[in-house]
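Heads up: the structure comes next, in structure tokens.
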Amino acid sequence: MKWLFLLLIIPCVANAQFTTDPQWERPQRHYFKLGGGYVFPEKQSSGPMGAFSVGWRAKRLLMAGLGAEVLRMPGYDKYVIPAGLDINFFDFDMKYSPVLHAGVAYPFEGIKDINSKLYYTGGFGFSYMGESRKGVMLIGNYSRLEYEQVLIGGPAVKESQAIYSVSLHVIL
Numbered sequence: 187m188k189w190l191f192l193l194l195i196i197p198c199v200a201n202a203q204f205t206t207d208p209q210w211e212r213p214q215r216h217y218f219k220l221g222g223g224y225v226f227p228e229k230q231s232s233g234p235m236g237a238f239s240v241g242w243r244a245k246r247l248l249m250a251g252l253g254a255e256v257l258r259m260p261g262y263d264k265y266v267i268p269a270g271l272d273i274n275f276f277d278f279d280m281k282y283s284p285v286l287h288a289g290v291a292y293p294f295e296g297i298k299d300i301n302s303k304l305y306y307t308g309g310f311g312f313s314y315m316g317e318s319r320k321g322v323m324l325i326g327n328y329s330r331l332e333y334e335q336v337l338i339g340g341p342a343v344k345e346s347q348a349i350y351s352v353s354l355h356v357i358l
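According to the working numbering, the sequence shown is numbered sequentially starting from 187.
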């Protein structure tokens with residue numbers, strides 16, 4: 187009877203050892219994306235930029251969260267910080283995958299004569315993901331910054347600035 191019991195329990199114990207494999211572990215749902223790049227404004231000189239995002243990833247194709255960028259305000263010596271929604275579509279399970287990036291934000295700036303209204307961005311790139319769902323993304327973006335410039339003794343003039351950027355992001 188003792189041997190019969192051991193013969194029945196050994197396969198159960200052997201199968202239990204396999205539940206520690208990575209395929210059985212629950213993947214991390216949160217992410218932190220940190221990056222930097224170079225911006226090419228339509229009307230002004232180019233310069234560096236930084237970006238970060240914190241959020242949640244779905245099982246396979248969607249990564250969305252709150253993010254911010256830091257870039258020099260085109261035509262000024264001060265920085266603008268667009269903060270808002272950051273959305274990325276790509277396949278986490280593939281080692282190399284195309285990326286579709288979109289975002290909308292409210293731009294914060296410290297310039298007295300400018301009232302920023304809206305910042306939106308969209309782009310396309312590629313990602314490289316490791317087995318631990320950590321990786322890098324290289325993205326080319328087209329962004330638009332809409333703002334009002336307050337003229338001395340005159341009305342506010344609505345302006346729009348196209349900004350092109352190339353950035354590399356690390357996903358943790």
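We treat Cβ as the ideally placed atom computed from N, Cα and C, and that holds for glycine.
My assumption, with CB atoms under 8 Å, is that residue i sits in contact with residue j. Please give the rounded CB distance.
{"i": "G296", "j": "K264", "result": "5 Å"}
{"i": "G321", "j": "M315", "result": "4 Å"}
{"i": "V285", "j": "F312", "result": "6 Å"}
Report the rounded CA-to-CA distance for residue i versus residue j, giving the unit in angstroms.
{"i": "E255", "j": "G339", "result": "33 Å"}
{"i": "G289", "j": "P341", "result": "30 Å"}
{"i": "L331", "j": "P268", "result": "9 Å"}
{"i": "D277", "j": "K245", "result": "9 Å"}
{"i": "F294", "j": "E345", "result": "16 Å"}
{"i": "L247", "j": "H287", "result": "12 Å"}
{"i": "R258", "j": "F226", "result": "11 Å"}
{"i": "Y217", "j": "I300", "result": "34 Å"}
Alpha carbons only, please: which of the options is nearest the one belonging to residue i?
{"i": "V240", "options": "L252, Y333 and L337", "result": "L252"}
{"i": "Q347", "options": "S353, S302, R243 and Y282", "result": "S302"}
{"i": "E317", "options": "Y306, A291 and Y282", "result": "Y282"}
{"i": "E228", "options": "N327, K298, H287 and F275", "result": "N327"}
{"i": "M323", "options": "M280, F226 and D299", "result": "M280"}
{"i": "G233", "options": "V266, K219, L220 and Y217", "result": "V266"}
Considering only residues of the same chain and omitting the five flanking positions on each side of residue i, which have a CB-CB separation below 7 Å?
{"i": "G223", "result": "M235, S351, V352, S353 and L354"}
For residue i, I'd like the list of residues in its chain whose CB is within less than 6 Å of its CB, leaving aside the five on either flank, ordered along the chain.
{"i": "A250", "result": "G241 and I273"}
{"i": "W210", "result": "The pLDDT assigned to W210 is 48, lower than 50, so where the model puts this residue is not dependable, and the model offers no usable value."}
{"i": "Y262", "result": "I297"}
{"i": "Y305", "result": "P268, A291, P293 and L331"}
Report the start-end ranges of each beta strand (DSSP E) in the segment 271-318 that is 3 residues or longer and not cut off at the edges.
282-295 and 300-315
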